[in-house]
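Heads up, the sequence shown is in my numbering, so the first residue is 185 and it goes up one at a time.
First the structure, in the form of structure tokens, and then the observations on it.
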Amino acid sequence: MEFVRLDGERLTLVFALEVGGGADLVYLGARLPEGEDLGTLAASGARGRHESQPDVPPVPGLLPEGKAGWSGTPAVRLSERREDSCVQCATDFRLSAWEQYLTELTLTFVDDLLGVDIEHRWWIGASGMVCTEASITNGGGRKLVLDRFSALALPVPRRFTHLTSFTGRWAGEMREHTRPIAPEGFARTSVAGKPGFAGGNWLILEDPASGEVLGAHLAWSGDHDTRIDPDMVGSADGRAVLQMGASWDGGEVDLEHDVSYRTPVAMFALAPDRSTLAQVFHAHARAILPHRDAWAPRKVHLNSWEALGFNLSEEGLMRLADDAAALGIERFVLDDGWFGGRRNDQTSLGDWFVSPDIFPNGLGPLIAHVKSLGMDFGLWVEPEMVSPESDFYRQHRSGALHARDRERPTMRGQLVLHLAHPAVSDAVFRQIDALLREYDIAYLKWDHNRDLFPAKARVGSVRNSQTEGFYDLLDRLRAAHPKVEIESCASGGGRIDYGVLSRVHRVWPSDNNDAIERLRIIPAWSQFLPLEVLGSHVSPSPNPITGRRLAMDFRAKVAVFGHMGVEADPARMTDKERACLAAHIALYKEWRGVLHAGALHRLDHPDPDVTGMMVTHGDKALALVAQTAFSPVFDAAPVRLAGLDPEARYRVTLPEPWPPRARHYLAVPERWRDGLVLSGTALMGQGLALPLTHPETAWLIALEKLS
Ligand code: GLA
């Protein structure tokens, strides 16, 4: 047995490797001192055999299989095609070699009888994120089919007894559920052909005694399989195994001679608390996000969707652009409805030419107008889709995903194009490429409003899958138009993952722009994604989805914490509302350098109706504290800040405008205007008593460290 350690800045992984046997992770925790005896460490965590176990108790290790009596789900499952049947194979993979290079470890496993080998790579990124990926190659002569193959199989240290998983639906993404890991385990498989709203590709394990957390994710924009198999019947050593991988229900992977399949990357981070966990994820996201110009602030958007819907005209859009510019908007995004015969959501996807009915002279005049107002121009597209009611479909009927000789059920009146097909992908590429060539378009909002049913991949391999086809199309367009920024939208948060995030600049967290809903949705996403990629828009009031009316001050303050935009028509606002919105847009511009580069901290508050977030960066910090319901007590508990230097002194101000009602309850307004000077210790310990009595009240708190 050999022991190998991989060290990140703050963590260590210790592997126990037995060539000819298995591979296990015997330590996952805070960085160990140099010289730690790894054999002794492994012995201290090992369990002896107990009654009613196989004579050699199975260790699930990094490649769990059923061969030695482990009761959980295997990380790899293969079948063999015979004459007219497919028979599941008994596998026995043994570690054949390993190689370490700095913070990277490659393990090779071989099943001699099948002639199949697996290469598993583990590495620690500069962010502290632990990443894994695996590939499997059939070097033997059998006609194999790969039924499942995990990118990650992690024996979970026993201290992580609790689990936070996420569920969601359209307009209600990322609902958190925290509970003990159930004895029967946990399993989530998506079938929509994308991660979907249900959030099964994100997970947090927790040690409730210390607060230590482990956050895990699969960087893949197709279907996923996430599961935890606890050692329920005590067949192994008591550890649960967490697995993540792509799933391909509806397609299959043929693994014929010399064919390989590579998993997407799975990743996990370890941290002493939720805020630190978020910071590791954010550092990783910032490392993989597509490159933008050196100092390219995230521009304030105005998006036409909730302002005008399908009610588009060149004149109306020019008027909207005028009003947008007057607020300080920097990018004007023309949403759905500009192309083909698209006057409602039942038609014309696939016909990506500018509608002559709305724009008799093309998009040129509108774009010129937008640019003359100092804004750049963005456009909505949904390239992977086709409406049966479109010229494109009439010409490329066979290009839509379908089950042969079956009905083609639609969703939102649309079908999905089979992007793994080069001819189909080329046809889409040509249309979008032509638009980007002809017009000065700085940004694409790339939508995906349909699940992939009934068929996901008609060809016999996920290597040729829809998801790979999507990545290829996106990559080709990005290569041809490297300056164009892209947002991943899928009816809101239906396709958010680190696979797409390495190709786009922004994601759309939810179609729900109601500020109260966003106070749940943004903090939930921001555990994994930095604020700069989370589109955060001020909605109209009443909100078109929830019907709720909210004051502009509240809507605007909430929208500052993200990549800010406006989804409403300024012409329908009062003068006061417009002034309030413009003031918050100015605040966003002033603070985005901090919000989009700093460290995010969650602010815990005893009242569940108070939400707080704070970003620290260099000498500056900005916090958002929002009260949603009527407080049960008149004096809500003070807001305790986080992430400050306890010894340093800070000037604290409350950026104006102040919330209209709550401002009257501020004890010493003039002192707040000048700024209070307090130590980090006082701010994080005693906190600040802010008027948080009324529902729908939000405050921004600005801090500057004094030298
Ligand atoms: C989806 C998006 C919305 C909007 C509409 C347009 O629902 O999530 O933001 O773009 O499509 O049809």
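Beta carbons are placed, not taken as given, at the ideal position from N, Cα and C, and that holds for glycine.
Ligand 1 heavy atom lying under 7 angstroms from the CB of residue i
| i | result |
| --- | --- |
| residue 536 | no |
| residue 675 | yes |
| residue 633 | yes |
| residue 695 | yes |
| residue 307 | no |
| residue 753 | no |
| residue 698 | no |
| residue 681 | no |
| residue 564 | yes |
| residue 391 | no |
| residue 775 | no |
| residue 692 | yes |
| residue 489 | yes |
| residue 529 | yes |
| residue 520 | yes |
Alpha carbon of residue i to alpha carbon of residue j, nearest angstrom
| i | j | result |
| --- | --- | --- |
| residue 894 | residue 749 | Beyond the ends of the chain as shown, which are 185 and 891, falls residue 894; an answer cannot be given. |
| residue 692 | residue 482 | 14 angstroms |
| residue 384 | residue 403 | 12 angstroms |
| residue 155 | residue 614 | A query on residue 155 cannot be resolved here, the shown segment of the chain reaching from 185 to 891 and no further. |
| residue 253 | residue 347 | 26 angstroms |
| residue 723 | residue 798 | 23 angstroms |
| residue 366 | residue 695 | 33 angstroms |
| residue 452 | residue 819 | 40 angstroms |
| residue 465 | residue 575 | 43 angstroms |
| residue 326 | residue 265 | 8 angstroms |
| residue 486 | residue 606 | 35 angstroms |
| residue 194 | residue 418 | 32 angstroms |
| residue 179 | residue 525 | Outside the modelled stretch of the chain, which goes from 185 to 891, sits residue 179, for which no answer is possible. |
| residue 280 | residue 204 | 6 angstroms |
| residue 821 | residue 867 | 13 angstroms |
| residue 642 | residue 328 | Legend: pLDDT at residue 642 = 42, less than 50; position of this residue unreliable, no value from coordinates given. |
| residue 498 | residue 291 | 60 angstroms |
| residue 890 | residue 222 | 46 angstroms |
| residue 201 | residue 278 | 10 angstroms |
| residue 803 | residue 612 | 48 angstroms |
| residue 872 | residue 823 | 5 angstroms |
| residue 271 | residue 399 | 36 angstroms |
| residue 600 | residue 663 | 24 angstroms |
| residue 597 | residue 386 | 30 angstroms |
| residue 646 | residue 653 | Residue placement at residue 646 cannot be trusted, given a pLDDT of 47 that sits under 50; the coordinates are not used to answer. |
| residue 713 | residue 589 | 42 angstroms |
Opening and closing residue of the beta strand (DSSP E) in which residue i lies
| i | result |
| --- | --- |
| residue 414 | Taken as a continuous stretch (DSSP letters only), residue 414 belongs to no beta strand (DSSP E), as it is neither H nor E. |
| residue 270 | 270–272 |
| residue 538 | Counting along the chain, residue 538 falls outside any beta strand (DSSP E), and DSSP gives it neither H nor E. |
| residue 364 | 356–364 |
| residue 651 | That residue, residue 651, is in no beta strand (DSSP E); its alpha helix (DSSP H) goes 650–664. |
| residue 747 | 747–750 |
| residue 811 | 804–811 |
| residue 839 | No beta strand (DSSP E) holds residue 839; DSSP gives it neither H nor E. |
| residue 284 | 278–285 |
| residue 291 | 288–295 |
| residue 738 | Counting along the chain, residue 738 falls outside any beta strand (DSSP E), though it belongs to the alpha helix (DSSP H) covering 736–744. |
Residue i - partner residues in DSSP beta bridges
| i | result |
| --- | --- |
| residue 514 | Looking at the DSSP assignment, residue 514 forms no beta bridge with any residue, so it has no partner. |
| residue 399 | 388 and 453 |
| residue 196 | 191 and 213 |
| residue 373 | 409 |
| residue 851 | BP columns for residue 851 are empty, so no partner. |
| residue 629 | 564 and 671 |
| residue 339 | 425 |
| residue 598 | 595 |
| residue 833 | 863 and 890 |
| residue 316 | 306 and 450 |
Boundaries of the alpha helix (DSSP H) in which residue i is found, first to last residue
| i | result |
| --- | --- |
| residue 576 | 575–579 |
| residue 764 | 759–779 |
| residue 565 | Residue 565 -> not in any alpha helix (DSSP H); beta strand (DSSP E) instead, spanning 560–565. |
| residue 606 | 606–622 |
| residue 441 | Where residue 441 is concerned, there is no enclosing alpha helix (DSSP H), given that its DSSP letter is neither H nor E. |
| residue 461 | 458–472 |
| residue 229 | 222–229 |
Heavy atom of ligand 3 within 7 angstroms of residue i beta-carbon
| i | result |
| --- | --- |
| residue 709 | No copy of ligand 3 appears in this structure; the ligands present are ligand 1. |
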